[in-house]
Amino acid sequence: SYTTGYNAGKSEASGYDDQKAPAADASQAEKDAYNAAKAGAADGIAGKQPADNSTQSQAYKDAYTKAYQDATNGYNTGYAAGQNGTKPSASQAADPSYMKGYNAGQAAKQAITDDQNGQNNASSSADSTTYSDAQQGYHDGVIATGKTGVNTPNATAANGDAPYQVAYDQAIKDTNAAREVAYQDADNDHGQTNGSSYKYSANSDVQTVAQQAYTDAQTAYAEAISGVTTPTSPNDAQASGITTAKNDQTYVDDTVANQSPSATVSSAKSTVVSAQITAAQKAFTANPDASDSLNSTDPLANYAYKTEMDALQKQYQSGITDAKAGTSPATTASDAEKQGASDYTAGLNAAVNGQTIDNPTSGNKAGEDAINSFNKGYQDAVDGKDDSSSADPVQKAAQAAATEAFNDVKNNTVKTSDEIKTMNPVAQVAYQKAEQEAQADAAKGAQAYVNGGSRPDDSTVDGKAAAAGYDAAKSGYTDGQSGKAATSTDPSYTTGYNAGKSEA
Numbered sequence: 021s022y023t024t025g026y027n028a029g030k031s032e033a034s035g036y037d038d039q040k041a042p043a044a045d046a047s048q049a050e051k052d053a054y055n056a057a058k059a060g061a062a063d064g065i066a067g068k069q070p071a072d073n074s075t076q077s078q079a080y081k082d083a084y085t086k087a088y089q090d091a092t093n094g095y096n097t098g099y100a101a102g103q104n105g106t107k108p109s110a111s112q113a114a115d116p117s118y119m120k121g122y123n124a125g126q127a128a129k130q131a132i133t134d135d136q137n138g139q140n141n142a143s144s145s146a147d148s149t150t151y152s153d154a155q156q157g158y159h160d161g162v163i164a165t166g167k168t169g170v171n172t173p174n175a176t177a178a179n180g181d182a183p184y185q186v187a188y189d190q191a192i193k194d195t196n197a198a199r200e201v202a203y204q205d206a207d208n209d210h211g212q213t214n215g216s217s218y219k220y221s222a223n224s225d226v227q228t229v230a231q232q233a234y235t236d237a238q239t240a241y242a243e244a245i246s247g248v249t250t251p252t253s254p255n256d257a258q259a260s261g262i263t264t265a266k267n268d269q270t271y272v273d274d275t276v277a278n279q280s281p282s283a284t285v286s287s288a289k290s291t292v293v294s295a296q297i298t299a300a301q302k303a304f305t306a307n308p309d310a311s312d313s314l315n316s317t318d319p320l321a322n323y324a325y326k327t328e329m330d331a332l333q334k335q336y337q338s339g340i341t342d343a344k345a346g347t348s349p350a351t352t353a354s355d356a357e358k359q360g361a362s363d364y365t366a367g368l369n370a371a372v373n374g375q376t377i378d379n380p381t382s383g384n385k386a387g388e389d390a391i392n393s394f395n396k397g398y399q400d401a402v403d404g405k406d407d408s409s410s411a412d413p414v415q416k417a418a419q420a421a422a423t424e425a426f427n428d429v430k431n432n433t434v435k436t437s438d439e440i441k442t443m444n445p446v447a448q449v450a451y452q453k454a455e456q457e458a459q460a461d462a463a464k465g466a467q468a469y470v471n472g473g474s475r476p477d478d479s480t481v482d483g484k485a486a487a488a489g490y491d492a493a494k495s496g497y498t499d500g501q502s503g504k505a506a507t508s509t510d511p512s513y514t515t516g517y518n519a520g521k522s523e524a
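Each residue of the sequence shown is one higher than the last, beginning at 21 in the numbering used here.
Shown next, in the form of structure tokens:
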């Protein structure tokens with residue numbers, strides 16, 4: 021009968037001979053059932069695609085389909101049990117389809133475990149073919165992930181069989197997990213080369229891919245934080261490096277600007293930033309024109325040093341600009357800005373007095389370079405000219421301050437040193453120079469009086485100072501000769517007072 025033939029065919033295909041092939045005089049249906057069951061069971065156990073039975077009898081088709089499905093179901097059930105480590109029952113152990121699946125499941129599971137541990141135990145596997153198939157799937161999954169450089173959990177293997185696909189998918193998960201740890205390490209190392217010292221997997225393929233992720237993140241971080249062009253279509257490791265670099269830049273920028281950082285970094289990174297900001301400040305103090313390049317192997321250290329140095333030098337140049345414009349830095353200005361103005365003043369002062377500065381700073385040089393404008397304004401003050409409409413701020417400031425000093429000496433209202441310090445840099449130099457010259461002229465006038473000379477011509481600025489000294493000495497002489505107490509501390513008055521007192 022059909023059933024007899026089916027059972028015999030399936031039994032034979034499964035490796036059992038407890039049922040025999042149909043007799044020669046058996047019905048065609050029994051023979052078809054036998055042959056179909058034998059073929060269907062064999063194909064199902066082998067995991068082959070169903071055969072094309074379109075030219076076969078209906079009995080053959082029915083028997084083949086049922087046998088194929090029974091074998092496939094048994095294989096799948098056994099495969100799942102092998103994966104889970106469930107021990108087969110007696111009846112399951114007697115089912116070749118189930119046991120083939122069971123052995124395959126165990127082999128696939130062991131292959132993945134061995135791959136993760138960097139081992140190969142194919143020779144001891146109950147199903148070396150499936151074991152090798154799964155190991156190939158794991159290897160291919162790792163390589164595919166390494167090539168794409170992105171998280172691809174839904175990738176599909178070229179080979180669609182279950183052991184291969186499961187291993188392939190697991191490899192993607194394992195590789196991406198290792199890659200993520202690797203590029204996080206790179207970000208934490210802020211671009212320094214430490215990747216080769218990290219162990220991400222016992223599997224050499226995974227380790228290689230993870231180390232490449234470290235390198236990608238490391239390179240992208242270094243490029244981004246140093247201002248070099250970064251990849252236009254970065255992979256996930258590169259994107260992580262770029263994002264971290266921008267975060268760290270924000271932290272440094274805010275810190276240098278004396279603002280509360282809007283970005284968060286590790287304590288290790290914070291220490292690096294603080295150390296390099298301090299280093300830049302010390303270098304700037306020693307030389308305001310020092311290079312902003314640290315040339316460290318640490319990109320974060322380089323960026324922190326450069327950012328602080330650039331900020332200080334920008335402030336310094338602002339101070340020089342203030343001085344050139346004939347103004348002083350605000351009282352709230354940074355020390356670096358005030359230093360720029362101070363160096364400018366020192367340079368101008370040296371040039372005015374015919375001196376040179378060893379190793380001059382850019383501020384000193386700017387002051388020295390202003391000597392021509394200064395001299396023009398100063399001479400205009402000596403000549404009694406007004407430069408208030410001059411377009412040259414240095415010339416204008418020099419003329420105004422020198423004129424003020426000449427008048428102050430004449431009126432005996434000379435500014436104190438503290439008052440002079442409140443003047444703009446150019447004005448300070450001009451005022452002090454004019455004060456000294458006017459005081460010298462006044463001293464000459466005073467000496468002329470005590471020596472019995474005539475009163476100097478007061479038609480010039482110098483003459484006015486000399487005449488003022490002459491008049492002050494005359495007043496002092498009268499007081500000294502009459503025995504009165506001195507009424508002024510003016511040097512010219514004192515000269516006359518002492519002369520008069522000696523002749524009383």
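Even glycine gets a Cβ: it sits at the ideal position worked out from N, Cα and C.
Residue of 462, 238 and 50 minimising C-alpha distance to residue 428
462
Measuring CB to CB, does residue 415 end up less than 9 Å from residue 396?
yes
Which of helix, strand or coil DSSP assigns to residue 39
Residue confidence is low: residue 39 scores 42 on pLDDT, short of 50, so the model does not pin down where it sits. Its coordinate-derived value is still stated next. Looking at residue 39 - three-state DSSP - the assignment turns out to be coil, as it is neither helix nor strand.
Name the two residues that bound the continuous alpha helix (DSSP H) containing residue 441.
437-441
Is it the case that the segment 149-161 contacts the segment 244-263, given that we only count it when at least three CB pairs across the two stretches are under 8 Å?
no
Taking 9 Å as the threshold (C-beta atoms), are residue 516 and residue 488 in contact?
no
Quick check: the Cα distance between residue 333 and residue 385, rounded to an integer number of angstroms?
15 Å
Residue 421 and residue 390 - do their beta-carbons sit closer together than 9 Å?
no
Any idea if residue 504 is buried or exposed, counting beta-carbon neighbours within 10 angstroms, 16 or more meaning buried?
exposed
Below 8 Å, is the gap between the Cβ of residue 95 and the nearest heavy atom of the ligand SAM?
You won't find the ligand SAM in this model; it holds no ligand whatsoever.
Tell me which same chain residues have a C-beta within less than 8 Å of the C-beta of residue 359, skipping the five on either side of it?
308, 336, 339 and 383
Excluding the five sequence neighbours on either side, which residues of its own chain have a C-beta within less than 6 Å of the C-beta of residue 56, listed in chain order?
80, 83 and 84
Proximal residues to residue 257 (C-beta, below 6 Å), its chain only, five neighbours per side dropped:
Counting only residues of its own chain and dropping the five nearest sequence neighbours on each side, residue 257 has a CB closer than 6 Å to the CB of 203, 233, 236 and 237.
In the DSSP assignment, find the unbroken alpha helix (DSSP H) run with residue 273 in it and report its ends.
Segment 256-276, the alpha helix (DSSP H) holding residue 273.
Could you check if residue 318 is buried or exposed, using at least 16 other CB atoms within 10 Å of its CB as the buried criterion?
buried
Kindly list the residues whose CB is nearer than 8 Å to the CB of residue 152, restricted to its own chain and excluding five residues on each side of it in sequence; keep chain order.
131 and 142
With a CB to CB cut of under 6 Å and the five nearest residues on each side skipped, what residues in its chain are close to residue 467?
none
Taking 9 Å as the threshold (C-beta atoms), are residue 126 and residue 103 in contact?
yes
Compute the distance between the beta-carbons of residue 394 and residue 371, then report whether it is under 9 Å.
Going by C-beta atoms, residue 394 is nearer than 9 Å to residue 371.
Going by DSSP in three states, residue 334 sits in which element: helix, strand or coil?
The answer is helix: DSSP assigns residue 334 an H, G or I state.
Leaving out the 5 sequence neighbours to the left and right, which residues in its chain are closer than 7 Å to residue 365 when beta-carbon positions are compared?
Taken in chain order, the residues that qualify are 343, 387, 445, 448 and 449.
Tell me the rounded alpha-carbon separation between residue 251 and residue 183.
37 Å
Please state if the CB of residue 348 and the CB of residue 443 are separated by a distance shorter than 9 Å.
Yes; because the gap between Cβ atoms is below 9 Å, this pair is in contact.
Alpha carbon of residue 77 to alpha carbon of residue 226, nearest angstrom:
53 Å
Coarse secondary structure for residue 245, derived from DSSP in three states:
helix
What are the start and end residues of the alpha helix (DSSP H) that includes residue 475?
First-last for residue 475: undefined, no H or E at that position.
Give every residue of the same chain whose Cβ lies closer than 7 Å to the Cβ of residue 163, excluding the five residues on either side of it in the sequence, and list them in chain order.
225
Report the residue from 195, 194 and 220 whose alpha carbon sits nearest the alpha carbon of residue 205.
220
Is it the case that the Cβ atoms of residue 457 and residue 485 are separated by a distance below 9 Å?
The answer is yes: Cβ separation under 9 Å.
Same chain only: Cβ atoms within 6 Å of residue 42, ignoring 5 sequence neighbours per side:
25, 50, 51 and 54
Following the continuous alpha helix (DSSP H) through residue 139, name the residue where it begins and the one where it ends.
Looking at the DSSP string, residue 139 is not in any alpha helix (DSSP H), and its letter there is neither H nor E.
Residues in the same chain with beta-carbon distance under 7 Å from residue 150, minus the five sequence neighbours each way, listed in chain order, please.
124, 127, 128 and 183
Can you look up residue 68 in the DSSP assignment and give me helix, strand or coil?
coil
Option in 208, 229, 480 and 87 with minimal Cα separation from residue 193:
229
Going by the CB atoms, is the gap between residue 324 and residue 248 shorter than 9 Å?
no
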